[in-house]
Amino acid sequence: MVDIADLNKRHGIAGKVTFREGAEGFAVMDVSNSHATASIALQGAHLMTWAPRNEQPVIWLSSAAKLATGKSIRGGVPVCWPWFGPHPSEASFPAHGFARTVPWEVAETKALDDDRTLAVLRLIQTPATRAQWQHPCDLECRITVGESLEIDLVTRNTGTAPFTIGAALHTYFAVNDIRHTAIRGLENCAYLDKVDGGKRKQQTGPVTFSGETDRIYLDSAADILIDDPQLKRRIRIAKRGSRSTVVWNPWIEKANKMGDLGENGYLNMVCVETANAADDVVTIKPGAEHHLWTEYSVEALG
Ligand code: BG6
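In the working numbering, each residue's number is its place in the sequence shown (first place is 1) plus 82.
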């Protein structure tokens, strides 16, 4: 049972942060300030929307997205943790980890001096999560909503032995037409091509799209740019604590099989994921913490 009144009482901020039931039993936090609006599902600490004022939505949410307990939402920013992709040894464990489909709690909401809004969510650990991840730790997702959007996924090792995580902020960005979209910042990076059996290849020039694309770019720590000439805008992705970037678009056939991408939804999205994937997994020592941090901002494209 979600207690919306209690959430509003404890964490609501008049005119800035309100909670509502997005679907039965499914709490959503709405954020509104002078810079932007955003909405965040408590399940998965899943940011679903973010739009700076006077700007079209930057984050894509499928028109067919389902808000349901224990299911990942198609679109927004799924949090993949504590592994990326299939589990390395347990085939029955969910792809991309469990963080995106379990309840999180609100640790803090705050109106910052510059009128940005901070929301801090903490993963709730239960016997079910411990069955898939035994290492003592805390996981926090710190989201700052402003003219730019910052997400800081913080993993703290509270135990006595090191552990290793994979992770990703699996963001779906809104584009006018994927066929006229170019991704810059990955030139000269090697990548693993998941639509070609994981073969290692070399990127030359910007990434453009004419079919299913599913790649893990390696040694990618620089800013990534999504150029959308039709919307005359560029989305800039800055990142820290990440040396891998995943680029994904399922294209038409896979999208049709998925069932929750919406009609021709694949044309209007591209996932560019600030990741700890492939050889970029991170070992965290006892008492230490790892920040997977990213910031999205919009620039005019002449
Ligand atoms: C991407 C993976 O990160 O996520 C793809 O590289 C995968 O292989 C995609 O298909 C979507 O995953 P899911 O579990 O959200 O359908």
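Every residue, glycine too, gets a C-beta built ideally from N, C-alpha and C. Remember, predicted model here, so these are calculated numbers, not experimental data.
Residue interval of the alpha helix (DSSP H) (run including residue i)
i	result
aspartate 88	86 to 93
alanine 210	209 to 214
When the options are compared against residue i, the one with the closest alpha-carbon
i	options	result
glycine 167	Gly323, Ile247, Arg238 and Gly347	Ile247
serine 324	Asp362, Ala150, Thr211 and Ala105	Asp362
arginine 224	Gly279, Trp333 and Val188	Val188
proline 332	Trp132, Gly347, Pro134 and Ser326	Gly347
valine 421	Arg92, Asp88, Lys336 and Trp142	Residue 421 cannot be examined here, being either before or after the span of the chain that is shown, 83 to 384.
phenylalanine 108	Phe255, Asp220 and Trp186	Trp186
arginine 266	Val227, Val289, Leu149 and Trp330	Val289
glutamine 138	Thr183, Lys314 and Gly94	Lys314
tyrosine 299	Val329, Arg156, Val277 and Asp310	Val329
aspartate 275	Lys148, Val227, Ala146 and Thr327	Thr327
Residue i versus residue j - alpha carbon distance
i	j	result
glutamine 285	aspartate 301	12 Å
cysteine 162	alanine 96	32 Å
glycine 104	lysine 192	22 Å
threonine 151	valine 257	28 Å
glycine 126	aspartate 234	14 Å
threonine 100	serine 144	23 Å
leucine 205	leucine 231	20 Å
alanine 304	leucine 349	26 Å
proline 368	tryptophan 215	16 Å
aspartate 197	alanine 370	31 Å
threonine 240	serine 154	27 Å
valine 84	proline 160	21 Å
alanine 320	arginine 282	25 Å
serine 171	alanine 177	12 Å
tryptophan 375	aspartate 88	30 Å
isoleucine 366	glutamine 312	43 Å
leucine 268	leucine 307	9 Å
glycine 287	cysteine 271	10 Å
threonine 237	asparagine 115	28 Å
alanine 382	isoleucine 317	9 Å
isoleucine 334	tyrosine 378	27 Å
phenylalanine 255	valine 354	7 Å
leucine 124	threonine 253	17 Å
glycine 293	lysine 339	15 Å
isoleucine 86	arginine 102	6 Å
alanine 210	valine 184	9 Å
Residue interval of the beta strand (DSSP E) (run including residue i)
i	result
glutamate 377	371 to 382
proline 134	128 to 134
phenylalanine 245	245 to 247
glycine 104	99 to 105
phenylalanine 166	It is not in any beta strand (DSSP E) - phenylalanine 166 carries neither H nor E in the DSSP assignment.
phenylalanine 255	254 to 256
arginine 156	Run containing arginine 156: none; DSSP gives neither H nor E here.
valine 364	364 to 366
threonine 48	Here the chain comprises residues numbered 83 to 384, so residue 48 is not present and cannot be evaluated.
arginine 266	264 to 266
Per DSSP, cross-strand counterpart(s) of residue i
i	result
arginine 108	In the sequence as displayed, the identity of residue 108 is phenylalanine instead of arginine. Per DSSP, Ala105.
valine 113	Val99 and Ala120
leucine 251	Val161 and Thr356
leucine 143	Gly157
glycine 179	Trp163
8 Å Cβ cutoff, residue i in contact with chain C
i	result
threonine 183	Structure shown: chain C not included; a single protein chain is present.
Within the segment 269 to 357, note down every full alpha helix (DSSP H) run reaching 4 residues or more, in order along the chain. 333 to 340
Could you name each continuous beta strand (DSSP E) segment of 3 residues or more that falls completely within the segment 186 to 237, going from the start of the chain to the end? 186 to 193, 199 to 205 and 219 to 227
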